[in-house]
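In what follows, a single structure is set out as structure tokens and then discussed.
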Amino acid sequence: MKKLLTALLAGAALTMATTAPAVAKVKVACVGNSITYGATIPDRERDSYPSQLARMLGPDYEVGNFGRSGATLMKRGHHPYNATKECADAKNFAGDIAVIHLGVNDTDPRDWPDFSDDFVNDYVELIDSLRARNPKVRVIIANISPVRTTHYRWRSGTCEWRDSVRACVADVARLTGSELIDFNDPLLDRQQLVADGLHPDALGASLLARTVYRAITGNYGGLKLPQVWGDGMVIQRYRPVTVNGTADAGTTVTVTLGANKATAVTDNRGRWSVTLPPMKEATGLEMTVTDGHRRLAFSDVAVGEVWLASGQSNMEFATAHTKTFAADSAMMDDPMLRLFDMFPRAYTTPAQWPDSVKERIDSLDYYLPAHWAKSDVGSARRMSAVAWHFGRVLRDSLKVPVGIICNAIGGSGTEAWVDIEVMSREMPEVLVNWRRNDYIQKWVQQRAGENTGTDEASLAHRHPYEPTYLFATGI
103 MKKLLTALLA GAALTMATTA PAVAKVKVAC VGNSITYGAT IPDRERDSYP SQLARMLGPD
163 YEVGNFGRSG ATLMKRGHHP YNATKECADA KNFAGDIAVI HLGVNDTDPR DWPDFSDDFV
223 NDYVELIDSL RARNPKVRVI IANISPVRTT HYRWRSGTCE WRDSVRACVA DVARLTGSEL
283 IDFNDPLLDR QQLVADGLHP DALGASLLAR TVYRAITGNY GGLKLPQVWG DGMVIQRYRP
343 VTVNGTADAG TTVTVTLGAN KATAVTDNRG RWSVTLPPMK EATGLEMTVT DGHRRLAFSD
403 VAVGEVWLAS GQSNMEFATA HTKTFAADSA MMDDPMLRLF DMFPRAYTTP AQWPDSVKER
463 IDSLDYYLPA HWAKSDVGSA RRMSAVAWHF GRVLRDSLKV PVGIICNAIG GSGTEAWVDI
523 EVMSREMPEV LVNWRRNDYI QKWVQQRAGE NTGTDEASLA HRHPYEPTYL FATGI
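My numbering numbers the first residue of the sequence shown as 103 and each following residue consecutively.
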């Protein structure tokens with residue numbers, strides 16, 4: 103009887119285990135054009151952004167790729183998405199989450215000049231059609247990924263029309279109550295990942311996948327601040343104090359500086375920002391930032407004058423190399439002169455860099471970690487001579503704390519310090535084939551070749567002298 107009872111119980115347990123309902127997966131519909139489809143990626147089935155997103159999200163999610171190359175959002179465009187099989191399949195998929203990235207192809211001269219008034223309405227109708235299949239669908243709209251100056255349509259109107267599309271996409275998100283993320287952000291300064299000016303490669307697609315993953319999960323790695331916030335820092339006096347960083351979505355962040363306090367809630371892109379009232383000069387303050395899980399505390403904070411010193415070797419030139427260094431050393435101990443000195447991972451001397459350095463530079467990781475230091479012989483000897491003497495004069499005349507941030511790179515051209523969005527609008531030719539074009543000084547191109555090589559594979563490597571590179575990494 104005992105054996106029979108045991109067998110019956112075991113059978114019942116097995117029956118219950120095999121007949122228990124499976125937990126339904128969260129269905130994610132990735133709606134879009136060739137960038138969603140994974141065009142130009144050699145193994146798009148594995149490396150398109152939806153495929154990489156599926157691996158990031160794990161087995162509890164089912165991700166569908168409903169990208170159609172060449173598709174326009176507008177119904178009267180040259181290849182309307184709403185008339186494609188992929189659109190019908192996306193609706194039938196009835197996703198719990200829909201990630202939509204459309205609008206890049208609408209910048210075509212065949213479309214935007216004639217049908218731009220349709221864009222917002224057509225986008226709203228697409229979202230409504232997805233909601234008709236699943237009223238609870240969570241809609242995440244991705245503003246359009248970059249169109250580079252290397253693309254053949256850039257000068258024919260796409261430059262301006264891209265900006266118009268981006269504004270309309272933001273309007274659609276507000277009108278429909280959809281979440282807005284941006285596919286421009288992760289690729290903005292990663293030109294080498296968008297070789298044809300439009301389609302990201304597998305690494306670029308991974309950045310898009312990470313952007314969507316974070317938006318879906320709200321996981322941005324917890325509370326983070328730019329490294330310029332730290333112990334001993336100087337904050338600009340008489341100006342509103344803006345503090346921003348990242349944290350997990352929906353997190354309440356509280357910032358306290360002296361007697362001032364402000365809070366903000368992190369948006370779905372992990373961003374938060376608070377603004378504290380202007381302060382007069384002060385020393386010995388403490389600043390805290392907390393999200394309820396992590397608490398960052400910065401001591402010995404001062405309020406005074408803050409200046410940025412950028413440029414070439416004339417600015418980079420260190421005080422230790424000046425003829426008057428020995429005499430000046432007697433004046434270098436000044437706790438109210440604070441230095442934030444940014445040094446590169448590799449100097450632009452005429453030598454080939456190892457692959458490890460090239461990889462860092464390719465990923466925009468050019469400057470070494472830096473921190474605030476009070477001026478003394480040890481910290482000042484490596485500091486820019488121009489910047490340190492300038493700070494000393496300010497200290498002598500103003501009698502307030504002074505902070506100097508130096509990120510000068512010897513030999514850098516002016517173009518390297520310009521924002522890519524500005525350069526793309528004002529002088530896009532500079533960005534096209536910069537290692538060989540006639541807009542860049544020859545010695546800049548020569549030094550880049552000496553550091554990374556001149557064969558076709560080496561030309562794809564980034565370099566500090568590249569137009570817009572130092573703005574992206576140092577500003």
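Note that the Cβ used here is the ideal one computed from N, Cα and C, for glycine as well.
Exercise. What do you reckon, are the CB atoms on Glu-523 and Pro-569 nearer than 7 Å?
Worked result: Remark: C-beta atoms of Glu-523 and Pro-569 do not approach each other more closely than 7 Å.
Problem set entry | Beta bridge counterpart(s) of Gln-414 as assigned by DSSP | Answer is none; Gln-414 lacks a bridge partner.
Exercise. By how many angstroms is the C-alpha of Leu-295 removed from the C-alpha of Leu-305?
Worked result: Here the alpha carbons of Leu-295 and Leu-305 stand approximately 7 Å from one another.
Problem set entry | Separation of Arg-483 from Ala-411, as counted between CA atoms | Going by the C-alpha atoms only, they are around 16 Å apart.
For this session: Quick one: residues in its chain with C-beta nearer than 7 Å to the C-beta of Arg-549, no 5 flanking neighbours on either side, listed in chain order?
Result: For Arg-549, the CB contacts under 7 Å within the same chain, skipping 5 residues up- and downstream, are Thr-450, Pro-452, Gly-513, Tyr-567 in chain order.
Exercise. For Arg-316, does the count of other Cβ atoms within 10 angstroms reach 16, so buried, or fall short, so exposed?
Worked result: That one is buried.
Exercise. Going by alpha carbons, who is nearest to Pro-342 out of Thr-348, Arg-312, Leu-378?
Worked result: It is Leu-378.
Exercise. Near Arg-366, what residues of its chain come up, given a Cβ to Cβ distance below 7 Å and the 5 sequence neighbours on each side ignored?
Worked result: According to the sequence as given, residue 366 is Ala; it is not Arg. Val-355, Trp-374, Ser-375, Val-376, listed in sequence order.
Exercise. Of all the alpha helix (DSSP H) runs that stay within the bounds of the stretch 257-338, which reach a length of 4 or more residues?
Worked result: Unbroken alpha helix (DSSP H) stretches of 4 residues or longer found wholly inside the stretch 257-338: 260-278, 304-319, given in chain order.
Exercise. Do Tyr-163 and Val-130 come within 7 Å of each other at the CB atom, strictly closer than that value?
Worked result: Yes.
Exercise. The alpha helix (DSSP H) spanning Met-525 covers which residue range?
Worked result: That run of the alpha helix (DSSP H) goes 522-528.
Problem set entry | His-203 versus Thr-368: straight-line alpha-carbon distance, rounded | Straight-line Cα distance between these residues: approximately 23 Å.
For this session: Please list, in chain order, all residues of the same chain as Met-176 whose beta carbon is under 7 Å from its beta carbon, the five residues on each side excluded.
Result: Result list for Met-176: Pro-182, Asp-208, Asp-213, Phe-217, Asp-220, Phe-221, Asp-224, in chain order.
For this session: With a 10 Å radius around its C-beta and 16 neighbouring C-beta atoms as the bar for buried, classify Thr-260 as buried or exposed.
Result: Result: buried.
Exercise. In chain order, what residues of the same chain have a beta carbon less than 6 Å from the beta carbon of Leu-398, not counting five sequence neighbours either side?
Worked result: Answer for Leu-398: Val-391, listed in chain order.
Exercise. From the DSSP output, which residues share a beta bridge with Ala-475?
Worked result: Paired residues: Leu-441.
Problem set entry | Coarse secondary structure for Ser-171, derived from DSSP in three states | Residue state, collapsed to three classes: coil.
Problem set entry | Cα-Cα separation between Ile-199 and Ser-280, rounded to whole angstroms | Approximately 11 Å between the Cα atoms of the pair.
For this session: Rounded to whole angstroms, what's the CA-CA distance from Asn-346 to Asp-210? Just pull it up for me.
Result: Approximately 36 Å between the Cα atoms of the pair.
Exercise. What is the rounded straight-line gap between the Cα of Asp-265 and the Cα of Ala-420?
Worked result: Those two C-alpha atoms are separated by around 43 Å.
Problem set entry | Gly-406 beta carbon less than 7 Å from that of Glu-388 | Taking 7 Å as the Cβ cut-off, Glu-388 and Gly-406 do not qualify as a contacting pair.
Exercise. How many whole angstroms separate the CB atoms of Gly-299 and Val-249, which I take to be in contact at a CB cut-off of 8 Å?
Worked result: About 7 Å; that satisfies the 8 Å criterion.
Exercise. From Ala-272 to Ser-153, what does the alpha carbon distance come to, in whole angstroms?
Worked result: Rounded to whole angstroms, Ala-272 to Ser-153 spans 26 Å at the Cα level.
Problem set entry | Where the alpha helix (DSSP H) through Met-158 begins and ends | Unbroken alpha helix (DSSP H) run through Met-158: 151-159.
For this session: Could you please give the first and the last residue of the uninterrupted alpha helix (DSSP H) stretch that includes Asn-194?
Result: Per DSSP, Asn-194 belongs to the alpha helix (DSSP H) from 187-195.
Exercise. Are the stretch 452-462 and the stretch 501-515 touching by the rule of at least three beta carbon pairs closer than 8 Å?
Worked result: Output reads no: the stretch 501-515 does not touch the stretch 452-462.
For this session: Using three-state DSSP, classify Thr-377 as helix, strand or coil.
Result: Strand.
Exercise. Excluding the five sequence neighbours on either side, which residues of its own chain have a C-beta within less than 6 Å of the C-beta of Tyr-340, listed in chain order?
Worked result: Take Tyr-340, set aside five residues on each side of it, and the residues of its chain with a beta-carbon closer than 6 Å to its own are Pro-380, in chain order.
Problem set entry | Neighbourhood of Asp-393 by C-beta, 6 Å cutoff - its chain only, sequence neighbours within 5 removed | For Asp-393, the CB contacts under 6 Å within the same chain, skipping 5 residues up- and downstream, are Leu-325, Ala-349, Thr-353, Val-355 in chain order.
For this session: Count the C-beta pairs between the stretch 469-477 and the stretch 433-452 that are closer than 8 Å, then say yes if the count reaches three, no if not.
Result: The stretch 469-477 makes contact with the stretch 433-452: 3 or more CB pairs, one atom from each, lie closer than 8 Å.
For this session: Mind checking which residues open and close the beta strand (DSSP E) that includes Ala-124?
Result: No beta strand (DSSP E) contains Ala-124, which DSSP labels as neither H nor E.
Exercise. Which residues share a DSSP beta bridge with Pro-446?
Worked result: According to DSSP, Pro-446 bridges with Tyr-469.
Problem set entry | According to DSSP, residues forming a beta bridge with Gly-372 | Gly-372 is not bridged by DSSP to any residue.
For this session: Mind reading off the beta-carbon distance from Gly-140 to Gly-169? Whole number of angstroms is fine, and I expect it under 8 Å.
Result: Cβ-Cβ separation between Gly-140 and Gly-169: approximately 7 Å, consistent with a contact (criterion under 8 Å).
For this session: Using the Cα positions of Val-282 and Arg-462, report the straight-line distance between them to the nearest angstrom.
Result: The displayed chain sequence assigns Leu, not Val, to residue 282. So the alpha carbons of these two residues sit roughly 30 Å apart.
Problem set entry | Where Asp-219 sits in the DSSP three-state scheme | DSSP places Asp-219 in helix when its eight states are reduced to three.
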